[in-house]
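Using the numbering used here, you'd call the opening residue of the sequence shown number 462 and step up by one each time.
Heads up, the beta-carbon is just placed ideally off N, CA and C, and yes, glycines get one too.
Computed from a predicted structure; not experimentally measured.
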Amino acid sequence: MPGTEPARGEDRRPGEEPPAATGFAGRLRALIAANPVSSWDLWTKPRRMVAFLLAWDAIAVALLTFGVIASPSPDLVDWGRFAILAGCATVHIQLTRRQEERRRNRVTAVHIDLTGIWVFPAALLLPIPLTLLLIALLRVQRWFNSRRPPHKFVFTSFTHAVSALLAHYLYQTFASAELARLSPANSLQVFGILMLVGFSYAALQAIVIGGLLALGGTSAPTLRNVLGTKDDNLLELSTISLGTIATILLVNIPPAIVILVLITVLGNRLAEINQLQSEARTDPKTGIFNVRGWSESAERALARAARGGETLALLMIDLDHFKWINDTYGHPAGDDVLRTVAQTLDEITRPKDIIGRFGGEEFLILLPDVDSTAAKVTSERIRTAIADQRIVTTDKRGGSALITGRTASIGVALLAVNGTTLEQLLQAADAAVYTAKEGGRNQVRFADANLPSE
Numbered sequence: 462m463p464g465t466e467p468a469r470g471e472d473r474r475p476g477e478e479p480p481a482a483t484g485f486a487g488r489l490r491a492l493i494a495a496n497p498v499s500s501w502d503l504w505t506k507p508r509r510m511v512a513f514l515l516a517w518d519a520i521a522v523a524l525l526t527f528g529v530i531a532s533p534s535p536d537l538v539d540w541g542r543f544a545i546l547a548g549c550a551t552v553h554i555q556l557t558r559r560q561e562e563r564r565r566n567r568v569t570a571v572h573i574d575l576t577g578i579w580v581f582p583a584a585l586l587l588p589i590p591l592t593l594l595l596i597a598l599l600r601v602q603r604w605f606n607s608r609r610p611p612h613k614f615v616f617t618s619f620t621h622a623v624s625a626l627l628a629h630y631l632y633q634t635f636a637s638a639e640l641a642r643l644s645p646a647n648s649l650q651v652f653g654i655l656m657l658v659g660f661s662y663a664a665l666q667a668i669v670i671g672g673l674l675a676l677g678g679t680s681a682p683t684l685r686n687v688l689g690t691k692d693d694n695l696l697e698l699s700t701i702s703l704g705t706i707a708t709i710l711l712v713n714i715p716p717a718i719v720i721l722v723l724i725t726v727l728g729n730r731l732a733e734i735n736q737l738q739s740e741a742r743t744d745p746k747t748g749i750f751n752v753r754g755w756s757e758s759a760e761r762a763l764a765r766a767a768r769g770g771e772t773l774a775l776l777m778i779d780l781d782h783f784k785w786i787n788d789t790y791g792h793p794a795g796d797d798v799l800r801t802v803a804q805t806l807d808e809i810t811r812p813k814d815i816i817g818r819f820g821g822e823e824f825l826i827l828l829p830d831v832d833s834t835a836a837k838v839t840s841e842r843i844r845t846a847i848a849d850q851r852i853v854t855t856d857k858r859g860g861s862a863l864i865t866g867r868t869a870s871i872g873v874a875l876l877a878v879n880g881t882t883l884e885q886l887l888q889a890a891d892a893a894v895y896t897a898k899e900g901g902r903n904q905v906r907f908a909d910a911n912l913p914s915e
């Protein structure tokens, strides 16, 4: 009709794309529209993983609903604390958005979210509805740089919320009255209780998310890629510790909590640097040391052994006929074999032994405080363990395949017997591997008892 403005979007030309979503709400709607439930990657996962995820989500909804119904209404103090935590957390997220996106994109298994620094005090001090509101606020902001499948994001969000619910009830039961009258006399007790509550908060997340990863969220699950590395867990401990400090400050000196924003921004930066340093020393396919990382650690162990006049052995492990696996089953199957072998080596060696991937199908192990007899026993145990492996993988067509009966040739070099430097020991162990190959493979051979020439 004359004088009537066209409806929104009716003035577009045929075939013209609708305008890009702008603003926070527009971006959120665009993300939801681009990820309909029917297209989620979840439905391609193993059934046991899907069942676990859906069951946990249902349990979480029930628990959180009960928590909201049973929670008292927020008062002005609660809303004030919520505003402080929400403001600090938002500043933290926005100032570290680029760093967090880079860090997340490099993570292949466990990721530690540093926003727990703000969620933990909320879980302890706020009514449950406000705690859930804060979690929702933070998770929505994280969605724009998480770039994770929606089912994982929803699952993780529910896990954060249920962990907060657990922390809330533990705190209300054991420490709320004590923190309100904090004094030097009860400070140690209060701090200890807060740390135990924090441990419970983190442990529930680790168990639930680790359980999902073990059921199919990662190939060849290990303790390292299910529960995280030592550095991951230290970072989690630091997060809970800062959350505990934030709780105490929020009760006693609320304005001082702003200082933690600077600390968390710096913490994100340090976490990214630490991750980069770790990745520079880690083999991406197996999760163990690469040549650089192994060499650095091995050189230090060798220097200690030389100073103390201690024994030391170097093992070079070469997987027999590895090319046949790639040619027969495909390279993804070959990668599964490498990961499984690395996991086996990690499980049957000591914590102080240094394991690395030398390249291709070769692995290295440095064994401190080991003589020839112990080196022989360890090498045979490794050879037998590799031969006993049953590796479930896929073939070239994507079907299920089982690889068994794989073998390895192992060369052993001894400190002082075959060399005094790492390069000499590597040369000697490499020569011993060739001797094992020429002798029929699937055997352990020691390097000749003479020093290689310089």
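Look at the beta carbons and you see the region 506–524 touching the region 620–638: at least three pairs across the two are nearer than 8 Å. Non-local C-beta neighbours of Thr805 in its own chain, meaning closer than 6 Å and more than five positions away in sequence, comprise Ala846, ordered along the chain. Between the region 859–866 and the region 874–893 there are fewer than three C-beta pairs closer than 8 Å, too few to call the two in contact. Around the beta carbon of Tyr790, 16 or more other beta carbons sit within 10 angstroms, so the residue counts as buried. Leaving aside the five residues that flank Pro507 on each side, the residues in its chain whose CB is nearer than 8 Å to its CB run, in chain order, Leu676 and Gly677. Remark: three or more beta-carbon pairs, one from each stretch, lie closer than 8 Å, so the region 793–812 and the region 839–858 are flagged as touching. Taking the Cα positions, Gly901 is about 22 Å away from Ile826.
Counted as a single uninterrupted DSSP element, the beta strand (DSSP E) harbouring Pro829 occupies residues Glu823 to Pro829.
In the structure shown, Ile786 falls within a helical segment according to DSSP collapsed to helix, strand and coil. The DSSP-derived three-state label of Gly548 is helix.
Assigned with DSSP and collapsed to three states, Gly659 falls in helix. When Cβ pairs closer than 8 Å are counted between the two stretches, the region 572–584 is seen to touch the region 699–707, the count reaching three or more. Per DSSP, Phe750 lies in no alpha helix (DSSP H) and is assigned neither H nor E. Distance from Pro535 to Pro582 at the Cβ level is roughly 15 Å; contact not present, criterion being Cβ atoms closer than 8 Å. Take the alpha-carbon of Val687 and the one of Asn694: they are about 12 Å apart.
Around the beta-carbon of Asp788, fewer than 16 other beta-carbon atoms lie within 10 Å, marking it exposed.
Uninterrupted beta strand (DSSP E) stretches at least 3 residues long and entirely within the region 824–884 occur at 851–855, 861–865 and 869–875, given in chain order. The shortest C-alpha to C-alpha distance from Gly817 to any of His782, Leu775 and Asp832 is the one to Leu775. In the DSSP assignment, Gly704 falls within the alpha helix (DSSP H) that extends over Lys691 to Asn713. In this structure Phe616 is in contact with Trp517, their Cβ atoms being roughly 7 Å apart against a cut-off of 8 Å. Non-local beta-carbon contacts of Gln555 in its own chain, meaning distances under 8 Å to residues more than five positions away in sequence, involve Gln602 in chain order. Each of Trp540, Phe652, Ile545 and Tyr630 was checked against the Cα of Gly528, and the nearest Cα belongs to Tyr630.
For Asn713, the closest alpha carbon among the candidates Ile778, Leu643 and Gln885 is that of Leu643. Boundaries for Leu799: no beta strand (DSSP E) harbours it, while the alpha helix (DSSP H) harbouring it runs His792 to Ile809, taken from the DSSP string. Straight across, the Cα-Cα distance linking Ala889 with Phe907 is about 9 Å.
Here the alpha carbon of Pro588 sits roughly 60 Å from the alpha carbon of Ala836. Leu515: member of the alpha helix (DSSP H) spanning Arg508 to Ala531, first to last residue. Counting along the chain, the unbroken alpha helix (DSSP H) around Ile578 starts and ends at Gly577 to Leu586.
Membership of Ala774 in the beta strand (DSSP E) is indicated by the continuous run Leu773 to Leu780. Annotation for Thr592: Ala583, Ala584, Ala625 and His629 place their beta carbon closer than 7 Å to its own, counting only its chain and skipping 5 residues before and after. Here DSSP, grouped into helix, strand and coil, assigns Arg642 to coil. Ala759 and Gly795 have their C-alpha atoms some 27 Å from each other. Separation of Ala762 and Ile815 (C-alpha to C-alpha, rounded to the nearest whole angstrom) is 9 Å.
Restricting attention to Gly860, Lys691, Phe819 and Phe513, the CA atom closest to the CA of Asp891 is found in Phe819.
Pairing Val905 with Arg768, the inter-Cα distance amounts to about 29 Å.
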